[in-house]
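Everything in the sequence shown is counted per my numbering, starting at 7 for the first residue and increasing by one. Note that beta-carbon positions come from the ideal geometry of N, C-alpha and C, so glycine has one too. Computed from a predicted structure; not experimentally measured. Everything below concerns the one structure shown next.
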Amino acid sequence: MALRLNTASGGGRRQARAGILVGIATAALAAGGLGAALLIGGGGDAPAAPVAPGPVPPTTLGLNLAGLSTWGGERTFMNLAIGGGWASEIKGQRGWKKIDATRLNAAGMPISLQDGEVMHRSLAIPEGVYGANAVRIRCTWQGKGSLAPGGGARNASQSGNAFDFDWPGSNGGKPKGAWISLSRIDAADPVRGIDCREKSASPTALFAPAFLQSLSGFSLVRFLDWQKVNGNAEVSWATRATTGSLEQNGPAGPAVEYMVALANEAKVDPWFHMHWNADEDYVRRFAEYVRDNLAPGRKAYVEMSNEVWNLAFPVTKQAQAEGLKEGLDSDQYRVIVLRYAEKATWMNRIWTDVFKADPGRLVRVVATQNAGPQGTEAVLGFRDTAKFVDAVATAPYFGNSTFRGERATILDPANIFAYLDKDVDAAIGKALANKAVATRYGKRYIAYEAGQHLVYPPHAAEVAQLNRDPRMYDVYRKYLAAWKSRVGDTMTLYAATGPYGPFGAWGLREYGGQPMDQTPKRRAAEDFLAGK
């Protein structure tokens with residue numbers, strides 16, 4: 007069966023896509039077989055063939071969380087020092103340089119400093135800094151050494167193992183960054199346990215209250231960008247992040263303890279990813295921790311990697327090589343999908359065994375491409391994959407044809423929004439085609455990512471403006487209403503928060519605490535949840 011492989015859609019939305027997708031498209035279309043049938047883009051905006059509607063369950067909305075960072079606009083932890091990383095500055099040399107992980111101890115702290123070296127760690131921006139007034143920050147630590155605030159920090163005062171400073175408000179503009187600088191370490195009693203938060207904040211709170219509030223009403227959170235599976239790192243239980251470390255933004259993402267804690271505190275179901283190169287010990291221990299610590303009544307969703315069909319990600323080449331070596335298929339594109347089915351089944355067997363006493367708490371997800379049902383059919387039809395799957399997920403994005411092909415010269419916003427209305431219908435139609443396959447196999451059909459897919463670097467300014475346009479609210483309301491009436495079940499929007507730039511405008515909002523009247527996508531989602 008010829009399978010369509012569409013390589014430009016879906017999760018991560020990273021810079022690599024913009025530079026290489028045209029070349030990938032050319033190669034795929036020239037290759038014949040599965041590649042010849044698959045187009046590049048978010049599945050295209052052409053209408054899908056009509057399918058018979060199946061049952062329409064109640065609709066819930068989920069969120070793909072923004073990755074942990076100091077620049078992404080989403081302040082997650084109360085401790086502002088979590089989410090960044092250490093960078094080195096040496097006297098007489100220009101700029102900061104990221105340091106190797108081998109220079110850090112188990113607590114995520116630098117082991118030593120070279121002569122003339124200072125280590126800097128950027129802080130996540132608290133919500134209040136986007137307002138007009140300065141926010142007073144307090145940093146505390148244990149051990150001996152020299153720590154000081156830097157960057158935009160003002161009016162600093164220090165006493166013992168603590169200092170306070172003012173972080174100036176940006177009044178809705180781009181805030182100035184602030185950081186902490188470590189210039190001396192006592193080898194016998196090194197600095198550790200750094201914690202920076204608003205001086206008025208609870209000293210024991212793990213997550214920022216505003217962040218928790220932003221998840222209210224949503225049914226689940228997907229940890230794609232937290233867990234950084236698109237990087238395709240090798241991970242093991244011995245090298246994973248732990249709660250005793252300041253470093254929570256490494257190749258495998260944060261500690262599983264923090265992800266489970268967020269699900270429990272925010273009262274949402276967690277959607278985890280297992281890294282392709284994780285060994286069985288890691289997968290089993292991860293599943294066991296989730297089983298033993300996720301709050302009663304919560305369900306754990308689990309997915310192998312992310313968009314393994316997408317040639318923009320390194321995992322896809324690995325899956326292709328492994329599948330060809332195994333002889334799963336001779337077609338270089340179809341073999342990717344079959345190897346994914348095989349690997350997902352391997353993972354799902356482990357999670358199934360771990361949750362065997364309470365299988366209703368587990369949702370085993372396979373993710374396929376929204377472009378057409380062939381991929382869904384191939385995955386579910388491979389060996390006994392379907393026995394170990396509870397839900398099929400695709401990403402029914404709309405608008406990816408904007409500024410491309412026949413629409414390259416359509417720049418007037420009114421005309422663009424007219425096309426987006428049609429794109430919504432096309433995306434829902436393709437979702438229904440995939441749902442029909444899932445229903446035939448007795449599986450749920452859900453969306454692992456969803457929303458607008460306007461991305462074209464030469465028109466980055468226009469993309470940003472369209473996403474801020476009040477008319478985007480109307481498009482999202484139509485989109486959500488169509489999903490509710492025709493498809494149903496969980497739609498997981500991408501993404502909760504994120505700044506707009508050359509490689510997309512993915513955030514429902516651009517930063518935490520952004521006024522609702524400036525966030526048409528977020529406002530549409532909240533009004534939908536409120537039944538308005």
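In DSSP terms, what residue i is bridged to
{"i": "ASP495", "result": "THR65"}
{"i": "TYR307", "result": "TRP277, VAL369"}
{"i": "ARG144", "result": "ASP170, ARG203"}
{"i": "PRO2", "result": "It is not possible to answer for residue 2, since the shown part of the chain is limited to 7 through 538."}
{"i": "GLU95", "result": "VAL124"}
{"i": "THR503", "result": "ARG515"}
{"i": "GLU240", "result": "ASN283"}
{"i": "ILE186", "result": "ARG127, PRO155"}
{"i": "PHE404", "result": "GLN458"}
{"i": "ARG2", "result": "Residue 2 lies beyond the residue range present for the chain, which begins at 7 and ends at 538; the question has no answer from this structure."}
{"i": "GLY227", "result": "The sequence shown places Val at residue 227, not Gly. VAL227 is bridged to LEU69, PRO276."}
{"i": "GLY510", "result": "GLY507"}
Where residue i falls: helix, strand or coil (DSSP)
{"i": "THR245", "result": "coil"}
{"i": "GLU332", "result": "helix"}
{"i": "ASP533", "result": "helix"}
{"i": "GLY38", "result": "Unreliable placement is indicated for GLY38, whose pLDDT of 36 sits below 50; no coordinate value is reported for it."}
{"i": "GLN338", "result": "coil"}
{"i": "ARG410", "result": "coil"}
{"i": "ARG528", "result": "helix"}
{"i": "MET125", "result": "strand"}
{"i": "LYS362", "result": "coil"}
{"i": "GLN375", "result": "coil"}
{"i": "THR382", "result": "helix"}
{"i": "LEU460", "result": "coil"}
{"i": "ALA24", "result": "Because ALA24 carries a pLDDT of 36, less than 50, the predicted location of this residue cannot be relied on, and no value is offered for it."}
{"i": "LYS104", "result": "strand"}
{"i": "LEU177", "result": "Inspection of the sequence shows that residue 177 is occupied by Asn rather than by Leu. Coil."}
{"i": "LEU218", "result": "helix"}
{"i": "LEU252", "result": "coil"}
{"i": "PRO521", "result": "coil"}
{"i": "ASN1", "result": "Limits of the chain in this structure are 7 at one end and 538 at the other, which puts residue 1 out of reach."}
{"i": "LEU74", "result": "coil"}
For residue i, the first and last residue of its enclosing beta strand (DSSP E)
{"i": "THR400", "result": "397-400"}
{"i": "ALA161", "result": "For the sequence presented, residue 161 should be read as Asn rather than Ala. Its beta strand (DSSP E) spans residues 160-164."}
{"i": "TRP232", "result": "It is not in any beta strand (DSSP E) - TRP232 instead sits in the alpha helix (DSSP H) that spans 230-233."}
{"i": "ARG474", "result": "Segment 466-474 is the alpha helix (DSSP H) holding ARG474; no beta strand (DSSP E) there."}
{"i": "GLY156", "result": "151-157"}
{"i": "TYR451", "result": "450-453"}
{"i": "ARG291", "result": "Per DSSP, ARG291 belongs to no beta strand (DSSP E); it is in the alpha helix (DSSP H), 286-299."}
Closest by C-alpha distance to residue i, when choosing among the options
{"i": "ILE96", "options": "ILE88, GLY89, ILE105, GLY90", "result": "ILE105"}
{"i": "GLY178", "options": "ALA293, GLY79, ASP287, THR496", "result": "GLY79"}
{"i": "LEU86", "options": "ALA112, ALA207, GLU123, ASP523", "result": "ALA207"}
{"i": "ARG144", "options": "PHE171, VAL135, ASN316", "result": "PHE171"}
{"i": "VAL314", "options": "GLU348, PHE361, ARG483", "result": "GLU348"}
{"i": "HIS281", "options": "TYR295, VAL296, ASN312", "result": "ASN312"}
{"i": "LYS490", "options": "GLY114, GLU123, LEU188, ALA437", "result": "ALA437"}
{"i": "ALA261", "options": "TRP243, LEU472, LYS273", "result": "TRP243"}
{"i": "LEU119", "options": "ASP192, ASP359, ALA72", "result": "ASP192"}
{"i": "ALA414", "options": "THR445, VAL461, ALA456, GLY378", "result": "VAL461"}
{"i": "ILE434", "options": "SER152, GLN471, TYR425, VAL493", "result": "VAL493"}
{"i": "VAL141", "options": "PHE213, VAL274, GLY537, GLY175", "result": "GLY175"}
{"i": "GLU271", "options": "PRO302, GLN164, ALA420, TRP232", "result": "PRO302"}
{"i": "ARG190", "options": "PHE509, GLU123, LEU74", "result": "GLU123"}
{"i": "PRO196", "options": "LEU226, LYS234, SER152, PRO209", "result": "SER152"}
{"i": "THR322", "options": "TYR403, LYS331, TYR339", "result": "TYR339"}
{"i": "LYS362", "options": "THR391, ALA293, TYR288", "result": "ALA293"}
Residue j beta carbon less than 7 Å from that of residue i
{"i": "ALA130", "j": "ARG81", "result": "yes"}
{"i": "HIS540", "j": "GLY405", "result": "What the structure shows of the chain is the stretch from 7 to 538, and residue 540 is not part of that stretch, so it cannot be assessed."}
{"i": "GLY366", "j": "ARG345", "result": "no"}
{"i": "THR374", "j": "GLY68", "result": "no"}
{"i": "MET310", "j": "ALA350", "result": "yes"}
{"i": "SER128", "j": "GLY90", "result": "yes"}
{"i": "TRP147", "j": "ASN167", "result": "yes"}
{"i": "LEU300", "j": "VAL266", "result": "yes"}
{"i": "ARG370", "j": "VAL343", "result": "no"}
{"i": "ALA159", "j": "ALA184", "result": "yes"}
{"i": "ARG483", "j": "ALA432", "result": "no"}
{"i": "GLY4", "j": "ALA269", "result": "Past the edges of the chain, shown from 7 to 538, lies residue 4, and the structure says nothing about it."}
{"i": "MET478", "j": "PRO419", "result": "no"}
{"i": "VAL135", "j": "PRO64", "result": "no"}
{"i": "THR400", "j": "ASN440", "result": "yes"}
Short CB-CB distance (under 7 Å) between residue i and chain B
{"i": "ALA424", "result": "Absent from the structure: chain B. Only one protein chain is present."}
Alpha helix (DSSP H) segment containing residue i, residue limits
{"i": "ASP427", "result": "419-446"}
{"i": "ARG477", "result": "477-488"}
{"i": "VAL266", "result": "262-272"}
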